Amino acid sequence: MDLQRKLEILADAAKYDASCASSGAARKDSRGSRGVGSTGGVGICHSYAPDGRCISLLKILLTNACLYDCHYCINRRSSNVQRARFTPDEVVQLTLDFYKRNYIEGLFLSSGIVQSADHTMEQVIEVARKLREEHHFRGYIHLKTIPEASPALIERAGRFADRISLNIELPTQTGLTRLAPEKNLARTQEAMGHIRGKIEERLADKRKPDAPKPPPFATGQSTQMLVGADESTDADILQRADALYTGYRLRRVYYSGFSPIPEPSKVLPIKPPPLVREHRLYQGRLAAALLRFQVSEIVTPDAPHLDLALDPKLSWALRNRAQFPADINRAPREALLRVPGLGVRNVDRILAARRHCRLRLGDLLRLRVPMKKVLPFIITADHTPARLDLDGDTLRQRFLPPLQQMELSLDGPPPSAADNASVRTGEL
Amino acid sequence: MHTAHIKPTLESWREEARTLLARGVPPDAVLWCQAGDEPSLFQAESFPSPAVDSPAPRVPAAFMDLARTLAAHADERRWGLLYRLLWRITHGGERALLSVPTDADVRLVEQWRKSVSREIHKMHAFVRFRLTGRDEATGREQFVAWFEPEHRIVRLAAPFFERRFAGMDWSILTPEECAHWDGERLHFTPGVPRSAAPSEDALEKLWRTYFKSIFNPARLKVKMMQQEMPKKYWKNLPEAPLIPELIAESGDRVRNMLATEELEVKPAPQNAYLESLRRKDNPEL
Ligand code: SF4
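Chains Z and X, in that order, are what the protein sequence lines are. Converting from the first sequence to our numbering requires adding 100 to each position, the first position being numbered 1. Converting from the second sequence to our numbering requires adding 52 to each position, the first position being numbered 1.
Pasting the structure below:
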């Protein structure tokens with residue numbers, strides 16, 4: 101099989117993995133070496149596919165042959181997809197060739213599981229080793245590891261990689277048992293704990309005064325959770341993510357909407373990807389991380405799913421109207437962060453500006469605050485919302501998107517230009 | 053009215069601005085005039101330029117930072133805007149001006165700064181090198197890229213490429229100014245026409261294959277793509293010509309998937325590793 105065909109198969113096999121980050125690596129570059137590569141700045145997206153996803157890494161599988169039978173995955177052993185396999189040298193060459201042309205930030209290498217977890221890990225690590233040791237490559241390397249691989253191998257992967265990841269796949273063991281029978285939540289978490297230990301150990305070594313510089317080790321780990329394949333609620337997902345962030349210090353939990361694949365499984369009939377839901381989950385996570393919301397404020401036992409029509413912060417505000425209006429000139433930072441329409445940056449700008457003058461609507465307009473959204477929730481020197489406005493039933497109506505935008509059906513009429521695109525994007 | 057003739061560089065503006073400030077000329081009495089855009093004017097100059105002897109007015113460090121970025125902006129009004137800010141800070145009693153984000157001048161300057169930074173970032177992202185050969189003496193591979201930045205950012209963007217591509221020789225050609233790296237020295241030459249750059253690279257076929265295969269037709273989000281990769285960059289991206297057909301085919305591809313008959317589950321093969329997993333999951337087996 102020629103290289104072109106292999107690339108076609110093994111990139112196609114990797115595209116369902118949502119992670120693309122190339123930021124957060126230790127600072128290193130190629131000056132004074134014969135090689136190429138630098139990391140440590142903000143990640144760069146070198147291109148975008150029409151699915152709106154950033155292309156920053158050469159994201160491929162070493163092989164798409166796999167012993168496992170994860171029913172959401174095109175590479176599972178029950179699928180009839182054509183199988184291919186790169187040699188480590190082919191991946192090394194492809195990475196360098198792409199990198200030198202400035203197409204990519206580095207390599208994201210993963211693999212179907214062949215023979216055993218350890219055998220597979222060894223192959224994957226060999227690619228990274230060659231890049232680093234034989235070609236002096238200082239670009240970004242992200243290696244997907246396998247929870248069942250021996251801890252020594254996972255450690256070795258971490259020595260060559262900037263980031264390692266283990267996919268949690270689903271928030272509950274029940275889901276895994278049905279859809280990814282070979283995978284196990286406890287084993288995955290155990291491996292994550294081990295990686296966290298190693299990352300922190302290295303950080304501690306680095307901080308020791310006078311100690312020799314410790315060998316490099318990945319600076320972060322991430323994971324991915326599949327959304328919409330099983331019955332898990334948004335509360336299940338957000339709570340699992342929260343536990344992973346705090347328990348294992350993950351850099352990032354990616355939500356990947358279960359996407360139609362060629363070769364669907366009887367166990368898991370395919371459906372259109374839940375793009376809006378995925379989007380709301382990220383917003384929910386952001387609200388927790390940046391705006392100091394508790395997961396239990398965003399999703400409750402009565403309403404374990406996020407409102408698909410409104411962003412989580414706005415729907416929280418509508419449920420907690422008694423906390424508004426907030427006075428732009430007096431409210432503390434935490435209260436301003438909870439005002440729908442105000443992001444962290446604008447809140448900080450408001451705090452800076454109000455030291456110099458009392459803010460009016462015109463000032464907010466200059467900060468490009470979405471006025472329609474904030475008006476019912478704020479007081480400024482020249483504005484107080486009508487009580488009625490904040491209490492009335494019409495407030496929610498006012499924020500709802502036009503109905504047809506909410507349809508996410510994929511089997512309608514053939515795509516008719518832009519409007520159809522916007523229906524599917526879920527960009528509300 | 054005072055007409056200030058300057059070269060389009062920060063140093064030239066700074067020198068002039070100091071003189072004007074020292075003479076107490078208010079911003080609305082100055083007409084800033086950029087000398088002809090011949091790159092030869094600033095090509096010979098080192099960057100940053102030697103200090104000037106007139107006593108420097110004290111300005112916050114943040115202002116100089118801002119000025120450095122803003123000087124690269126394509127809009128000629130940037131010199132006047134910078135001088136007005138400088139005046140307000142030094143003569144208008146508004147030393148904290150830059151921390152008043154609601155001020156109209158600050159707002160504008162902030163927008164322009166962002167636009168320059170964004171363009172630098174996009175240059176880092178969208179430059180595409182093409183292999184032109186190998187240096188016979190050193191054995192180093194040689195690459196050349198063509199890029200058309202919106203602002204005068206070649207010098208601001210170049211250090212990134214030096215750090216990243218130290219082990220190869222490269223040139224980035226643009227209509228205004230070109231940057232070159234030979235393993236020892238980063239240097240700049242006047243702009244060139246597009247025809248001076250190579251028009252292809254054999255690897256681009258593989259890159260396009262990758263672009264095509266990594267796209268998921270079931271998640272079409274054209275607006276999002278264009279927000280991050282506006283069409284103005286497409287003409288210099290070897291993968292961009294594929295975009296229209298990928299969009300056009302996506303509907304059919306998804307419908308085909310949805311219409312595919314679901315596959316039965318195949319039995320697990322004989323494999324010692326799988327066997328060991330099963331024993332771990334069910335210790336009683
Ligand atoms: S382990 Fe599961 S998800 Fe990974 S390639 Fe194999 S079948 Fe796909």
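For every residue, glycine included, the Cβ atom is placed at its ideal position computed from N, Cα and C. Values in this document were obtained by computation on a predicted structure and should not be read as measured data.
Integer Cβ distance of residue i from residue j, believed to fall under 8 angstroms
i, j, result
"Arg180/X", "Pro290/X", "6 angstroms"
"Tyr285/X", "Phe178/X", "5 angstroms"
"Ile160/Z", "Leu196/Z", "Actually they do not touch by this definition, with Cβ atoms about 14 angstroms apart."
"Arg201/Z", "Leu255/X", "6 angstroms"
"Tyr354/Z", "Ser119/Z", "5 angstroms"
Chain X contact for residue i (CB, 7 angstroms cutoff)
i, result
"Pro67/Z", "This structure cannot speak to residue 67/Z, because chain Z is shown only from 101 to 528."
"Ile174/Z", "no"
"Tyr203/Z", "yes"
"Ala149/Z", "yes"
"Pro364/Z", "yes"
"Ser611/Z", "Because residue 611/Z is not part of the residues shown, which for chain Z are 101 to 528, the question remains open."
"Pro501/Z", "no"
"Gln104/Z", "yes"
"Gly548/Z", "Any answer about residue 548/Z is impossible in this case: the structure gives chain Z only from 101 up to 528."
"Asn138/Z", "The amino acid occupying residue 138/Z in the given sequence is Ser; Asn does not appear at that position. It does: the Cβ of Ser138/Z has a partner Cβ on chain X nearer than 7 angstroms."
"Gly135/Z", "yes"
"Ser178/Z", "yes"
"Ala481/Z", "no"
"His242/Z", "no"
"Glu282/Z", "yes"
"Glu108/Z", "yes"
"Ser130/Z", "yes"
Residues near residue i in its chain [Cβ-Cβ closer than 8 angstroms; skip 5 each side]
i, result
"Cys166/Z", "Cys173, Asn175, Arg176, Arg177, Gly212, Ile213 and Val214"
"Leu338/Z", "Leu381, Gly384, Arg385, Ala388, Val395, Ile398 and Val399"
"Lys473/Z", "Leu414, Pro440, Gly441 and Phe499"
"Phe195/X", "Phe181, Arg182, Leu183, Thr184, Phe217, Met220, Asp221, Trp222 and Ser223"
"Gln423/Z", "Ala417, Ala435 and Arg438"
"Leu465/Z", "Met471"
"Leu451/Z", "Arg433 and Leu436"
"Pro374/Z", "Val327, Gly328, Gly357, Phe358 and Leu508"
"Ala449/Z", "Checking the sequence, you will find Arg at residue 449/Z rather than Ala. Taken in chain order, the residues that qualify are Leu467."
"Arg105/Z", "Ala184"
Same chain, Cβ closer than 6 angstroms to residue i, neighbours up to 5 away in sequence not counted
i, result
"Arg296/Z", "Tyr348 and Arg349"
"Ser179/Z", "Glu363"
"Leu418/Z", "Arg496"
"Phe240/X", "Glu229 and Ala231"
"Glu226/Z", "Pro188"
"Thr71/X", "none"
"Phe358/Z", "Tyr172, Leu326, Gly328 and Ala329"
Chain Z contact for residue i (CB, 7 angstroms cutoff)
i, result
"Thr154/X", "yes"
"His239/X", "no"
"Ser167/X", "no"
"Phe199/X", "no"
"Arg331/X", "no"
"His176/X", "yes"
"Phe115/X", "no"
"Glu252/X", "no"
Beta-carbon proximity list for residue i, same chain, < 7 angstroms, skipping 5 on both sides
i, result
"Tyr240/Z", "Ser122, Ala125, Thr139, Leu157, Glu205, Gly206 and Asp262"
"Arg120/X", "Leu62"
"Phe499/Z", "Leu410 and Leu414"
"Pro201/X", "Glu171, Met175 and Thr226"
"Ala453/Z", "Leu459 and Asp463"
"Met101/Z", "Ala184"
"Glu255/Z", "Lys298"
"Gly143/Z", "Ala121, Ser122, Ser123, Ser156 and Glu205"
Chain A residues whose Cβ lies nearer than 8 angstroms to that of residue i
i, result
"Leu279/Z", "Among the protein chains in the structure shown, which are Z and X, there is no chain A."
- Residue ranges of each beta strand (DSSP E) run of no fewer than 3 residues wholly in the region 303-385 of chain Z, ordered along the chain? 320-327 and 352-357, all fully within the region 303-385 of chain Z.
- Task: Answer yes if the region 180-195 of chain Z comes into contact with the region 220-236 of chain Z, meaning at least three C-beta pairs across the two stretches below 8 angstroms, and no otherwise.
- Result: Yes, since at least three Cβ pairs between the region 220-236 of chain Z and the region 180-195 of chain Z fall closer than 8 angstroms, the two stretches touch.
- At 4 residues or longer, and completely inside the region 186-234 of chain Z: list those alpha helix (DSSP H) runs for me, N to C. Taking only runs of at least 4 residues, the alpha helix (DSSP H) segments lying wholly in the region 186-234 of chain Z are 188-200 and 217-229.
- Task: Could you tell me whether the region 306-315 of chain X touches the region 324-337 of chain X, where touching means 3 or more Cβ pairs closer than 8 angstroms?
- Result: The answer is no - the region 324-337 of chain X does not touch the region 306-315 of chain X, with fewer than three Cβ pairs under 8 angstroms.
- Item | Segments assigned beta strand (DSSP E), at least 3 residues, entirely inside the region 189-238 of chain X | Taking 3 residues as the shortest admissible run, the region 189-238 of chain X contains the following complete beta strand (DSSP E) segments, listed from N- to C-terminal end: 193-198, 221-225 and 229-233.
- Query: Counting Cβ pairs, one atom from each stretch, are 3 or more of them under 8 angstroms apart for the region 363-376 of chain Z and the region 312-320 of chain Z?
  - Reply: No: fewer than three Cβ pairs fall under 8 angstroms.
- Query: Between the region 158-173 of chain X and the region 119-137 of chain X, do at least 3 Cβ pairs fall closer than 8 angstroms?
  - Reply: In the pairwise beta carbon analysis, the region 158-173 of chain X is classified as touching the region 119-137 of chain X: at least three pairs are separated by under 8 angstroms.
- Query: Taking the runs of the alpha helix (DSSP H) that are 4 residues or longer, which of them lie wholly in the region 393-463 of chain Z?
  - Reply: Listed in chain order, the complete alpha helix (DSSP H) runs (minimum 4 residues) inside the region 393-463 of chain Z are 395-398, 412-419, 433-437 and 444-453.
- Item | alpha helix (DSSP H) runs contained entirely in the region 266-309 of chain X, provided each spans 4 or more residues | Taking 4 residues as the shortest admissible run, the region 266-309 of chain X contains the following complete alpha helix (DSSP H) segments, listed from N- to C-terminal end: 274-280.
- Query: Okay, do the region 275-284 of chain X and the region 143-153 of chain Z touch, 3+ Cβ pairs below 8 angstroms being the bar?
  - Reply: Yes: at least three Cβ pairs fall under 8 angstroms.
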